[in-house]
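*Asks:* Provided herewith is a single structure, encoded as structure tokens, for subsequent inquiry.
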Amino acid sequence: MIRTKSLHILWLSFIRLILPIGSALLFAITPSEKPFTQLTNAKNVTAENIRSEKIIRAFEKVVERYHSLHDYEIVLVQAPIKESTMQAQPIVGMDNLFNGVKKYQVKIGEFVRDSDTRLEDLSEDILMGWFAHELGHLVDYQPHSNFEMIEFGIKYMWYDDFKTKVEHAADQIAIKYGFKKEILASKRFLLESEFKDSSYQDKIKQYYLPIEEIESIEEDNISGI
Numbered sequence: 031m032i033r034t035k036s037l038h039i040l041w042l043s044f045i046r047l048i049l050p051i052g053s054a055l056l057f058a059i060t061p062s063e064k065p066f067t068q069l070t071n072a073k074n075v076t077a078e079n080i081r082s083e084k085i086i087r088a089f090e091k092v093v094e095r096y097h098s099l100h101d102y103e104i105v106l107v108q109a110p111i112k113e114s115t116m117q118a119q120p121i122v123g124m125d126n127l128f129n130g131v132k133k134y135q136v137k138i139g140e141f142v143r144d145s146d147t148r149l150e151d152l153s154e155d156i157l158m159g160w161f162a163h164e165l166g167h168l169v170d171y172q173p174h175s176n177f178e179m180i181e182f183g184i185k186y187m188w189y190d191d192f193k194t195k196v197e198h199a200a201d202q203i204a205i206k207y208g209f210k211k212e213i214l215a216s217k218r219f220l221l222e223s224e225f226k227d228s229s230y231q232d233k234i235k236q237y238y239l240p241i242e243e244i245e246s247i248e249e250d251n252i253s254g255i
């Protein structure tokens with residue numbers, strides 16, 4: 031037990047050394063303690079610290095159509111987030127760094143960033159669009175090994191062009207899976223709402239697909255693949 035804990039501490043120190051501050055946007059480390067856990071109707075999904083059935087059901091509906099993710103363990107966890115409202119992350123620890131086993135986490139805040147709006151108060155379309163974007167990230171991560179995701183996270187933090195490419199890909203993947211209407215709903219909410227600080231909307235405008243481009247993309251509806 032002491033050996034396992036020591037390895038976990040060494041691994042955590044290693045990641046903090048090689049990844050810049052804020053890299054948690056793309057990278058989750060296996061937690062040493064488990065929070066309050068709820069089972070969901072999706073066999074591969076576990077919800078942690080989420081009291082809202084509305085949030086869980088919306089997430090389940092999106093996961094159901096992402097067939098390519100059904101073979102992977104996904105954790106939906108609600109916890110404080112400083113830099114965003116939602117984050118899609120690979121879960122990498124000493125137990126799976128080199129063995130090829132992939133696990134993912136979608137982390138959500140209680141409130142929309144820079145606002146007093148709770149996620150549970152958003153419409154289902156907006157929630158599903160947001161979740162579809164985050165799960166689009168997970169599909170984008172799939173070809174990469176757990177170790178390769180370390181380089182992926184570094185590039186995301188340091189190179190704006192790469193970050194833009196990644197965020198565009200997440201929207202494009204979501205649309206191909208049949209979530210164009212929901213992606214538009216979430217995008218309009220983010221761009222048309224009033225926030226305490228304009229920096230969040232500035233970030234959306236800089237890195238994410240504009241509404242006009244989303245409207246021009248055709249849905250392939252590949253959820254059955």
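The sequence shown begins at 31 in the working numbering and counts up one residue at a time. Heads up, the beta-carbon is just placed ideally off N, CA and C, and yes, glycines get one too.
1) Compute the Euclidean distance between the alpha carbons of Phe89 and Leu168, then round it to the nearest angstrom.
2) Using the beta-carbon count (16 or more within 10 Å), is Pro110 buried or exposed?
3) Reducing DSSP to helix, strand and coil, say where Phe89 ends up.
4) Could you tell me whether the Cβ atoms of Gln117 and Glu164 are closer together than 9 Å?
5) Could you check if Leu99 is buried or exposed, using at least 16 other CB atoms within 10 Å of its CB as the buried criterion?
6) Measuring alpha carbon to alpha carbon, tell me which of Arg87, Ala72, Asp125 ends up nearest Asp101.
7) Flag this pair as yes or no: are the beta carbons of Val131 and Asn176 separated by less than 9 Å?
8) Between the Cα of Glu245 and those of Ile234, Lys217, Val107, spot the shortest distance and give me the residue it belongs to.
9) Leaving aside the five residues before and after Leu214 along the sequence, list all residues of the same chain whose C-beta is less than 8 Å from its C-beta, in chain order.
10) Suppose the cutoff is 6 Å on Cβ atoms and the five residues either side in sequence are ignored; what does the same chain contact list for Lys226 look like?
11) What residue does the alpha helix (DSSP H) around Leu106 start on, and which one ends it?
12) Expressed to the nearest angstrom, what Euclidean distance is found between the alpha-carbon atoms of Ile247 and Val142?
13) What ranges does the alpha helix (DSSP H) occupy inside the segment 143–181, keeping only unbroken runs of at least 4 residues that lie completely in it?
14) Checking 9 Å against the spacing of the C-beta atoms, do Gly139 and Leu152 come in under that value?
15) Give me the Cα-Cα distance between Tyr230 and Thr194, rounded to the nearest whole angstrom.
*Replies:* Put simply:
1) 14 Å
2) exposed
3) helix
4) yes
5) buried
6) Ala72
7) yes
8) Lys217
9) Gly159, Ile241, Ile244, Glu245
10) Asp144
11) Per DSSP, Leu106 belongs to no alpha helix (DSSP H); it is in the beta strand (DSSP E), 103–108.
12) 27 Å
13) 154–171
14) no
15) 15 Å
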